[in-house]
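>
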Amino acid sequence: MSTHRRIDIRCRRAHRRIVGRKLKNDWSGQAFPHAGRRKPFIGDLGVSDPRHPLLSLLEWGADLGPIYEMRIFRQNFVFVSNVELAAELCDESRFCKALPPAITALRQYAGDGLFTAHNDEPNWQLAHELLMPAFTKSAMQSYHPTMLETAGELFDYWDRQSGPVDVTRSMTKLTMETLSRAAFSHDFGSFTTSQPHPFVGAMIRALETGRRKGGLLTAPGGRLLGRYLDHRNADQQAYVDRLLDDLIAERTGSSDQHDLLGIMLNVSHPETGERLSPLNIRYQILTFLVAGHETTSGALSFTLYYLSRNPEVLAAAQREADEILGADPRATPTFEQVPKFRHIRRCLDEALRIWPTVPAFARSPRSETMLADRYRMRPEDWAVIVLGQVHRDPSVWEEPDVYDPDRFLPANIKKRPAHSYKPFGSGLRACIGRQFAIHEAVLVLACLLHRYDLTGDPDYELAVDERLTMVPRDFELGLQPRKQLATSMVE
Ligand code: MNH
61 MSTHRRIDIR CRRAHRRIVG RKLKNDWSGQ AFPHAGRRKP FIGDLGVSDP RHPLLSLLEW
121 GADLGPIYEM RIFRQNFVFV SNVELAAELC DESRFCKALP PAITALRQYA GDGLFTAHND
181 EPNWQLAHEL LMPAFTKSAM QSYHPTMLET AGELFDYWDR QSGPVDVTRS MTKLTMETLS
241 RAAFSHDFGS FTTSQPHPFV GAMIRALETG RRKGGLLTAP GGRLLGRYLD HRNADQQAYV
301 DRLLDDLIAE RTGSSDQHDL LGIMLNVSHP ETGERLSPLN IRYQILTFLV AGHETTSGAL
361 SFTLYYLSRN PEVLAAAQRE ADEILGADPR ATPTFEQVPK FRHIRRCLDE ALRIWPTVPA
421 FARSPRSETM LADRYRMRPE DWAVIVLGQV HRDPSVWEEP DVYDPDRFLP ANIKKRPAHS
481 YKPFGSGLRA CIGRQFAIHE AVLVLACLLH RYDLTGDPDY ELAVDERLTM VPRDFELGLQ
541 PRKQLATSMV E
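Going by the working numbering, the residue at position 395 of the sequence shown is 455; the numbering climbs one at a time, nothing skipped.
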């Protein structure tokens, strides 16, 4: 080998070493406040609890100001915690969705499905245009009967049990069942067994693996460990993929369009005639299941927690349910009645303010720009909007830790700056399932409050579990069939 060539190889190796060591998401070398215990090499690894990264962030990030950072090995994370900076990042003309490592890691399961697609991937545009009509407010009309029926099954299931119910677990069964019925007409039998369907466990474990891998990639040996985790998880993932692929294959060739799967199999783009591929359809179904069930379940559970702690708010919610639904505790709302539960809707909004179940999302500039006129940001940089902090920014939210649904009275919403409340994300890549979640949650709350009185355990202290989303842990409620409805007193 010639000397020249040897030097060339050495240069390339050195170059790779240097480039490989570059800090990822380096913000042109700008530094931000950090937790103060940074160690060489591992960086801020010790400040974040790996099992509760976002919850622990609410603690260690509390006093660091509106923008701060965390460094783990070669990966830098920049966090934004006030309304002013979050609002700037939500300016869709200058910024767009970014995919931080934890979301990129999910691409292994959800590929270029809606949630994990890059902004410029053709399948995002295609799926967005094909599926938007299935998620409008009026499209909820077709899911309304399924939502009512599934809620009814949950109530019957509760009525067969004695003693308090585990709220998060019940709500997770409910939302999983509603979504799988609405998305692909599949009944997981959640209310005929006490254990969750194995599919649900396998799916959650597969995704957990993805999330853990996402945090590892820049650690020494991280890729190797990632491959080990994948190997250990291969059976679970294969099971999930197979179940979904079988469901898709069963329906291929049928022109039935009564659920999301039917729409995905049969609708082609009005201009280009393009359709989603079977693989992409599997990605979308998995995405809907994952993005749609735990998020809504957490929202319902937190709302019930706060209702159980605020008797006046609860009484007003029950009064509203009774006024609209009348004297029969088992009455159910029509599609048109659901938006009339305005107070109940505000109870939900306020729970999602204090505990946004999707706790954060990330944004990048479309081209090089200055954030707050001070911080240079290039398209490869991204900032994480920490919703738990933005939603409690004291310059916008008075007494931010107090649960007060009246904050969402129209007159009060108008007083706040734009983008101060973002539980469903922002812009083009905001939540496609927002109407679905709100319709389902309001309907379930109204029926539940109309049918039962709630008693929480006064000694319960709110504990939050961090999975892919945030949910209350071990929160139980006693449910007693209503005896005296508010309307029967009025009439
Ligand atoms: Mn949902 C995106 C929150 C219910 C399907 N969802 C998002 C984002 C947030 C979010 C925040 C944006 C993330 C980002 O910018 O990276 N979603 C929620 C919350 C609830 C919820 C708080 C319930 C409460 N989501 C649902 C339901 C479905 C769903 C129900 C499906 C039926 N969400 C999605 C999909 C996306 C998304 C799909 C990705 C949309 C896109 O990027 O085009």
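Cβ atoms here follow ideal geometry from the backbone N, Cα and C, with glycine treated the same way.
1. Quick one, which of Q201, R426 and S222 has its alpha-carbon nearest F394's?
2. Determine the direct distance from the alpha carbon of L114 to that of R311, and round the result to whole angstroms.
3. Which residues in the same chain as R76 place their Cβ atom closer than 7 Å to its Cβ, once the five residues preceding and following it in sequence are excluded?
4. Spatial neighbours of G554 within its chain, please: CB distance less than 7 Å, with the 5 preceding and 5 following residues excluded, ordered by chain position.
5. Between the beta-carbon of F137 and the beta-carbon of N183, is there less than 8 Å?
6. Between P483 and the ligand MNH, is the CB less than 7 Å from at least one heavy atom?
7. Buried or exposed: which applies to P541, given that a residue is buried once 16 or more other Cβ atoms fall within 10 Å of its Cβ?
8. Would you kindly report the start and end of the unbroken alpha helix (DSSP H) that includes D290?
9. Check whether the stretch 411-431 and the stretch 372-379 touch, using three or more Cβ-Cβ pairs below 8 Å as the test.
10. Mapping DSSP to helix, strand and coil, what is N472?
11. Does the stretch 94-110 come within contact of the stretch 243-250, defined as at least 3 CB pairs closer than 8 Å?
12. Verify whether the separation of the beta carbon atoms of R423 and M430 is less than 8 Å.
13. Smallest Cα separation from E396: which of C407, I384 and I404?
14. If you measure from the CB of L503, is any heavy atom of the ligand MNH nearer than 7 Å?
15. Do T529 and T355 count as a contact pair if the criterion is CB distance below 8 Å?
16. Does DSSP classify H75 as helix, strand or coil?
17. Taking just the CA atoms, how far does A351 sit from G493?
18. Taking 7 Å as the line, does the beta carbon of L174 fall inside it for any heavy atom of the ligand MNH?
19. Between which two residues does the beta strand (DSSP E) holding C156 run?
20. Under three-state DSSP, which class holds T356?
21. Mind checking S328: buried by the 16 CB within 10 Å criterion, or exposed?
22. Among A266, A309 and V531, which has the Cα closest to the Cα of Y19?
23. How is V327 classed by DSSP in three states: helix, strand or coil?
24. Going by alpha carbons, who is nearest to A294 out of H178, Q168, S314 and Q90?
25. Going straight from the alpha carbon of E237 to that of F92, what length do you get?
26. Would G89 and R131 qualify as a contact pair, given that the criterion is a beta-carbon distance under 8 Å?
27. Assuming E407 and P465 are in contact, meaning their beta carbons sit under 8 Å apart, how far apart are those beta carbons, in whole angstroms?
28. Counting Cβ pairs, one atom from each stretch, are 3 or more of them under 8 Å apart for the stretch 485-500 and the stretch 189-209?
29. Can you tell me where the alpha helix (DSSP H) with T210 in it begins and where it stops?
30. Just reading off the alpha helix (DSSP H) that V580 is part of, what are its end residues?
31. Does the distance from the CB of D409 to the CB of F468 come in under 8 Å?
32. Which two residues bound the contiguous alpha helix (DSSP H) that contains L117?
33. With respect to 7 Å, is the separation between the Cβ of F244 and the closest non-hydrogen atom of the ligand MNH below this value?
34. Given a cut-off of 8 Å on the beta-carbon distance, is the pair V456 and P439 in contact?
35. Residue range of the alpha helix (DSSP H) that D43 falls in?
36. Look at the alpha carbon of W87 and the alpha carbon of A443, and state the distance between them as a whole number of angstroms.
Quick answer:
1. For clarity, residue 394 is Thr in the given sequence; the question names Phe instead. Comparing Cα-Cα distances from T394 to each of Q201, R426 and S222, the minimum goes to Q201.
2. 40 Å
3. Only weak support is given to the placement of R76: the predicted model assigns it a pLDDT of 48, under 50, and the question is left unresolved by the model.
4. Only positions 61 to 551 of the chain appear in this structure, which leaves residue 554 out of reach.
5. no
6. yes
7. Under this definition P541 is an exposed residue.
8. Unbroken alpha helix (DSSP H) run through D290: G282 to R311.
9. The stretch 372-379 and the stretch 411-431 do not touch, with fewer than three beta-carbon pairs separated by less than 8 Å.
10. helix
11. no
12. no
13. I384
14. Checking every heavy atom of the ligand MNH against the Cβ of L503, none is found closer than 7 Å.
15. A distance below 8 Å separates the beta carbons of T355 and T529.
16. Because the pLDDT of H75 is 44, which lies under 50, any placement of that residue in the model is unreliable, and the question is left without a value.
17. 8 Å
18. L174 Cβ: within cutoff of the ligand MNH.
19. Residue range F155 to K157 is occupied by the beta strand (DSSP E) that includes C156.
20. helix
21. exposed
22. In the structure as shown, the chain starts at 61 and stops at 551, and residue 19 therefore has no counterpart that could be examined.
23. coil
24. Q168
25. About 44 Å.
26. no
27. The sequence given here places Cys at residue 407; Glu does not occur at that position. About 5 Å separates the Cβ atoms of C407 and P465, confirming a contact at the 8 Å cut-off.
28. yes
29. Note, T210: alpha helix (DSSP H), M200 to R220.
30. The shown model of the chain, from 61 to 551, leaves out residue 580, and the question about it has no answer.
31. yes
32. P113 to W120
33. no
34. no
35. The question about residue 43 has no answer, for the chain in this structure spans 61 to 551.
36. 10 Å
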